[in-house]
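> Here our numbering is used: the first residue of the sequence shown is 58, the next is one more, and so on. Sending over a structure as structure tokens; questions will come in a sec.
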Amino acid sequence: PDEKAHSLSVAPNARFGSPEEIANVILFTLSKDASFISGADLMVDGALHARYA
Numbered sequence: 058p059d060e061k062a063h064s065l066s067v068a069p070n071a072r073f074g075s076p077e078e079i080a081n082v083i084l085f086t087l088s089k090d091a092s093f094i095s096g097a098d099l100m101v102d103g104a105l106h107a108r109y110a
């Protein structure tokens, strides 16, 4: 089976994230807005993890 098609079929958002979306999360975690966040896992996967929770 086509791996890309399968990945998209199980993804809640039915799309892959863009490099800009990933970069925005990285920039947020480096910003002062995230200064009170510690010891957290940020899942940046378009809710794919929810499918397996």
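We put the beta carbon where it would ideally sit given N, CA and C, even for glycine.
1) Straight-line CA distance for residue 84 to residue 63?
2) Who are the Cβ neighbours of residue 68 in its own chain at under 7 Å, not counting the five residues just before and after it?
3) If I measure Cβ to Cβ from residue 71 and keep anything under 7 Å in the same chain, skipping five residues before and after, which residues do I get?
4) Using alpha carbons as the reference points, say which of 109, 108, 79 and 89 lies closest to residue 132.
For this structure:
1) A straight line joining the alpha-carbon of residue 84 with that of residue 63 spans about 30 Å.
2) 103 and 105
3) 65
4) What the structure shows of the chain is the stretch from 58 to 110, and residue 132 is not part of that stretch, so it cannot be assessed.
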